[in-house]
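Each protein sequence line maps, in turn, to chains A and B.
Counting from 1, position 21 in the first sequence corresponds to residue 21 in the working numbering; the numbering is continuous, with no gaps.
Counting from 1, position 39 in the second sequence corresponds to residue 39 in the working numbering; the numbering is continuous, with no gaps.
Below: one structure, written as structure tokens.
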Amino acid sequence: MLVVTELGDRDTHDTGGWHPERPQRLDAVHAAVHDVVDEEEIIRVEPREATIDELCRVHSMSYLRALDELCTAGGGALDPDTVVSSGSCRTARFAAGAGLAAIAALEQGQGDAAFVAVRPPGHHARADRGMGFCLINNVAVAAAALAHERERVLIVDWDVHHGNGTQDIFWNDPNVLYISTHQYPLFPGTGAPSETGGAAAPGLTINFPFPEKTCGDAFLRAFDEVICEAAEAFDPTWVLVSAGFDAHRDDPLAGLSLSAGDFALFAHRVAGLAPGPGRLAFFLEGGYDLAALRRSVAATLGAPTDRDVSTEAPTSGGPGMATVQAVKEIRREWTG
Amino acid sequence: MTVRHIVAGVDGSENSRRALAWAAELARALRAELVVVHALGLLDRLADGEPVPTAAHRDAIVEAFEHSWCAPLADAGVTARRMVRDGTPVDVLLAVAEHEEADLIVVGSRGIGNVPERILGSTSHQLAARSIRPVVIVPEGVGSGSTSTHGAH
């Protein structure tokens, strides 16, 4: 059974008619879920608002207050990319709480895996500021809650942009292994292989900055030669995925060359890293071509539901192998 | 003190063009080197001012930066380098200023982002708050010229 958490009419985050991070993205995800499973195979979990205490595990109180004041004042922009409307705070709190609700459902044995279909995305949001379309770091709020319960959390972030916010938040946390595959150079400009974690968590940050036009075969090599080994050594009790789909070749905001079929393979890899049923949750991050988003989410959901739903063949033949090799070289410090 | 290196941020707005012209005049007067920087976000603005996906329009944005947004450098008589970096404007300007060991950072008071200043602060105000180096915020109305910086490219 698949746990699904959707915002529904709680999505009052209005970015304006021109913005690529728009409510219709959640409609595409909703359709993708039904492309894969029937309603009776879904455990629907209502999102709840994350509490201040839960949010403050990863964000500063001053930032949360400032964000709330901006919404109360009618909204504005945190930066040229990141728009806030009067309803954004409430939506963001529900988006963060949706992940917590999904994990609670999994803890209660209600499903094998969860998909948290929320917006705004979260992985760029840092402790003290939102950026890059992100206000609250949804996956970080969930991971911090689990770490608070002494769980060991693996976060795999396959969004095309580096999750600088998530990396910053867990930079010194020995209970969280953060692994990102992303395009470089690209916003936000971070995520070099040399960024490997702070003094208290050495080697617990792993970055693969892939060049433009990288295909799925390079990602699979990263999984098979680095990610799976690092995950096994870390021995996670939970696997959370920052599941952005803007690395798809049709996405307008980036330049990688992945297909929906590639995401299906990645999903199988991360599902294999989970310690058992009910310990895997996907969090929607980016993905701005609605048709590609629908196909990619459906392909991803094939793994936890044990179905082959990909309509696009996996890709190969691009650059990116050198990136994997560079990361392997750096990882030798920890793998011997 | 001696001002040898000046970092100026531009974003294609009229205000940033005026700030760049002011920085170029200062650099010439002090015989300082000028480094002009644009930060690429997830979205950017081209000739019509409408937001466009940066990655898809990266080459066009870089060309606009080189040939239009940096137009005040054409006859300024200063040594200038131009850089485009990925990231938010504040982070990029602080990082470049650090790398270049800048003596001064110059920005316009309000760019295209039109960030509400009363709560989180504009890019210029955030920069002033976080920078360990002197920051000059050039207000609207300073400098000459009225030609749009979203010029053809």
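All C-beta atoms in this analysis are idealised placements derived from N, C-alpha and C, irrespective of residue type, glycine included.
Could you confirm whether any beta carbon from chain A is found closer than 8 Å to the beta carbon of residue i?
{"i": "glutamate 100 of chain B", "result": "no"}
{"i": "threonine 79 of chain B", "result": "no"}
{"i": "glycine 41 of chain B", "result": "yes"}
{"i": "glycine 87 of chain B", "result": "yes"}
{"i": "glutamate 25 of chain B", "result": "no"}
{"i": "alanine 19 of chain B", "result": "no"}
{"i": "alanine 56 of chain B", "result": "yes"}
{"i": "glutamate 50 of chain B", "result": "yes"}
{"i": "proline 53 of chain B", "result": "yes"}
{"i": "glycine 12 of chain B", "result": "no"}
Let's test the definition: count the other Cβ atoms within 10 Å of the Cβ of residue i and tell me whether it reaches 16, buried, or not, exposed.
{"i": "tryptophan 69 of chain B", "result": "buried"}
{"i": "histidine 148 of chain A", "result": "exposed"}
{"i": "glutamate 21 of chain A", "result": "buried"}
{"i": "serine 349 of chain A", "result": "As displayed, chain A neither begins before 1 nor continues past 336, which places residue 349 of chain A out of reach and without an answer."}
{"i": "glutamine 108 of chain A", "result": "exposed"}
{"i": "glutamate 69 of chain A", "result": "exposed"}
{"i": "glutamate 329 of chain A", "result": "exposed"}
{"i": "aspartate 251 of chain A", "result": "buried"}
{"i": "threonine 147 of chain B", "result": "Residue confidence is low: threonine 147 of chain B scores 36 on pLDDT, short of 50, so the model does not pin down where it sits. No coordinate-derived value is stated."}
{"i": "isoleucine 169 of chain A", "result": "buried"}
{"i": "glycine 49 of chain B", "result": "exposed"}
{"i": "methionine 61 of chain A", "result": "exposed"}
{"i": "alanine 73 of chain A", "result": "exposed"}
{"i": "histidine 150 of chain B", "result": "With a pLDDT of only 34 at histidine 150 of chain B, under the threshold of 50, the placement of this residue in the model should not be trusted; the figure read from the coordinates follows. When all chains shown are included, histidine 150 of chain B counts as buried."}
{"i": "serine 194 of chain A", "result": "exposed"}
{"i": "glutamate 333 of chain A", "result": "exposed"}
{"i": "aspartate 75 of chain B", "result": "exposed"}
{"i": "glycine 276 of chain A", "result": "exposed"}
{"i": "glutamate 40 of chain A", "result": "exposed"}
{"i": "histidine 59 of chain A", "result": "buried"}
{"i": "glutamate 312 of chain A", "result": "buried"}
{"i": "glycine 178 of chain B", "result": "Only positions 1 to 153 of chain B appear in this structure, which leaves residue 178 of chain B out of reach."}
{"i": "glutamine 126 of chain B", "result": "buried"}
{"i": "aspartate 38 of chain A", "result": "exposed"}
State yes or no: is the beta carbon of residue i nearer than 8 Å to at least one beta carbon in chain B?
{"i": "methionine 131 of chain A", "result": "yes"}
{"i": "aspartate 157 of chain A", "result": "no"}
{"i": "leucine 253 of chain A", "result": "yes"}
{"i": "glycine 287 of chain A", "result": "no"}
{"i": "proline 188 of chain A", "result": "yes"}
{"i": "proline 20 of chain A", "result": "yes"}
{"i": "proline 209 of chain A", "result": "no"}
{"i": "aspartate 81 of chain A", "result": "yes"}
{"i": "proline 314 of chain A", "result": "no"}
{"i": "proline 277 of chain A", "result": "no"}
{"i": "proline 120 of chain A", "result": "no"}
{"i": "proline 185 of chain A", "result": "yes"}
Mind checking who residue i pairs with in its DSSP beta bridge?
{"i": "glutamate 6 of chain A", "result": "A:Ala117"}
{"i": "alanine 76 of chain B", "result": "Beta-bridge pairing links alanine 76 of chain B to no other residue."}
{"i": "tryptophan 22 of chain B", "result": "For tryptophan 22 of chain B, which the question treats as bridged, DSSP gives no partner whatsoever."}
{"i": "phenylalanine 208 of chain A", "result": "A:Thr181"}
{"i": "cysteine 134 of chain A", "result": "A:Met131"}
{"i": "leucine 154 of chain A", "result": "A:Leu177 and A:Val239"}
{"i": "aspartate 86 of chain B", "result": "B:Leu40"}
{"i": "histidine 164 of chain B", "result": "As displayed, chain B neither begins before 1 nor continues past 153, which places residue 164 of chain B out of reach and without an answer."}
{"i": "leucine 105 of chain B", "result": "According to the sequence displayed, residue 105 of chain B carries isoleucine and not leucine. B:Val7 and B:Val135."}
{"i": "histidine 248 of chain A", "result": "A:Leu258"}
{"i": "arginine 126 of chain A", "result": "A:Arg129"}
{"i": "arginine 154 of chain B", "result": "This structure cannot settle anything about residue 154 of chain B, because the visible part of chain B is limited to 1 through 153."}
Skipping 5 residues on each side, what residues in its chain have a beta carbon closer than 7 Å to that of residue i?
{"i": "valine 153 of chain A", "result": "Ala143, Leu146, Ala147, Asn175, Val176, Pro236, Trp238 and Leu240"}
{"i": "proline 72 of chain B", "result": "Arg17, Leu20, Ala21 and Ala24"}
{"i": "threonine 166 of chain A", "result": "His123, Asn137, Val139, Ala140, Ile155, Asp157, Tyr178 and Ser242"}
{"i": "alanine 192 of chain A", "result": "Asn207 and Pro209"}
{"i": "leucine 220 of chain A", "result": "Leu265"}
CB-CB under 8 Å to residue i, same chain, minus the five flanking residues each way: which ones, in chain order?
{"i": "tyrosine 63 of chain A", "result": "Ala127, Asp128, Arg129 and Gly130"}
{"i": "arginine 294 of chain A", "result": "Ala28, Val29, Ala31, Ala32 and Asp35"}
{"i": "alanine 95 of chain B", "result": "Arg85 and Gly87"}
{"i": "lysine 213 of chain A", "result": "Gly255, Leu256, Ser257, Gly318 and Pro319"}
{"i": "proline 188 of chain A", "result": "His124, Met131, Gly132, His161, His162 and Asn164"}
Spatial neighbours of residue i within its chain, please: CB distance less than 6 Å, with the 5 preceding and 5 following residues excluded, ordered by chain position.
{"i": "isoleucine 42 of chain A", "result": "Leu2 and Val4"}
{"i": "aspartate 86 of chain B", "result": "Leu40"}
{"i": "alanine 298 of chain A", "result": "Ala32, Asp35, Val36 and Val309"}
Every unbroken beta strand (DSSP E) within the stretch 264 to 333 of chain A, with a cutoff of 3 residues, ordered by chain: 280 to 284
Of all the beta strand (DSSP E) runs that stay within the bounds of the stretch 32 to 67 of chain B, which reach a length of 3 or more residues? 33 to 40, 43 to 45 and 51 to 53
Those runs of the alpha helix (DSSP H) which lie wholly inside the stretch 36 to 87 of chain A and span at least 4 residues: 52 to 55 and 61 to 72
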